[in-house]
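Numbering (the numbering used here), first residue to last: 9 to 188. C-beta: ideal position from N, C-alpha, C; glycine also.
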């Protein structure tokens, strides 16, 4: 719950929606929310019978928590695990507004994630992985594919010149193992 709230700081979400999202009872979500509000990690607001929650982005832990969650639950981890194992992918980079915010540039929270995939993966597998990432991240994932030769010897390519002129984040496969 905490990771989801910090990775979607612009959203105010009802306790009922959080319980449904994580397939737990409202009572369980409420107890966890109580702890997070008491620790000042989450802010709450009442609107009639609704209990609305959002990340406390002004707290002194907001920056470190956001970075931790971005690395462990956000686009870096999710996209690395889904894209890099695909046959034909030699590397992948997040670029655009998400990479810029992650690198410290100020601005609003991006609604999407732009990914440059280097190599020659199967197009259907690549876009299936991107759609899975969208479901996990709850945001649009835009994939742009380029060959290894084009990436490493871009020449006067306006698109790659633009990508290279801005911050990028190279993806790594985390391959988290789930027990059970």
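Boundaries of the alpha helix (DSSP H) around residue 143: 131 to 145. Scanning 65, 145, 75 and 64 for the CA closest to the CA of residue 122 turns up 145.
The Cβ neighbour count for residue 69, taken over all protein chains shown within 10 Å, is under 16; the residue is labelled exposed.
Taking residue 50 as the centre and dropping the five residues before and after it, the same chain places the C-beta of 10, 13, 41, 44, 61, 62, 63 and 64 closer than 8 Å to its C-beta, in chain order.
DSSP places residue 54 in no alpha helix (DSSP H) but in the uninterrupted beta strand (DSSP E) bounded by 50 to 55.
Within the same chain, and ignoring the five residues on either side of residue 26 in sequence, the residues whose Cβ sits closer than 6 Å to its Cβ are 9 and 37. Within the same chain, 96 come within 6 Å of residue 128 by CB-CB distance, once the 5 residues on both sides are set aside. Scanning its chain for C-beta atoms nearer than 6 Å, with the 5 sequence neighbours on each side dropped, one finds around residue 180 the residues 88, in chain order. For residue 176, same chain residues with a beta-carbon under 7 Å away, outside a window of 5 residues either side, are 101, 102, 103 and 107 in chain order. Classified as exposed, residue 72 has fewer than 16 neighbouring CB atoms from the shown chains inside 10 Å of its CB.
Under the three-state reduction of DSSP, residue 42 is assigned to helix. Taking the Cβ atoms as the reference, residue 149 lies roughly 12 Å from residue 124, outside the contact range of under 8 Å.
In the three-state DSSP reduction, residue 160 falls in the helix class (H, G or I). For residue 86, there is no enclosing beta strand (DSSP E); the enclosing alpha helix (DSSP H) has its first and last residue at 83 to 91. Distance between residue 131 and residue 74, taken at the CA atoms: about 32 Å. Contact between residue 135 and residue 151 is confirmed by a C-beta separation of about 7 Å, below the 8 Å threshold.
When DSSP reads this structure, residue 116 sits in no beta bridge, so it has no partner.
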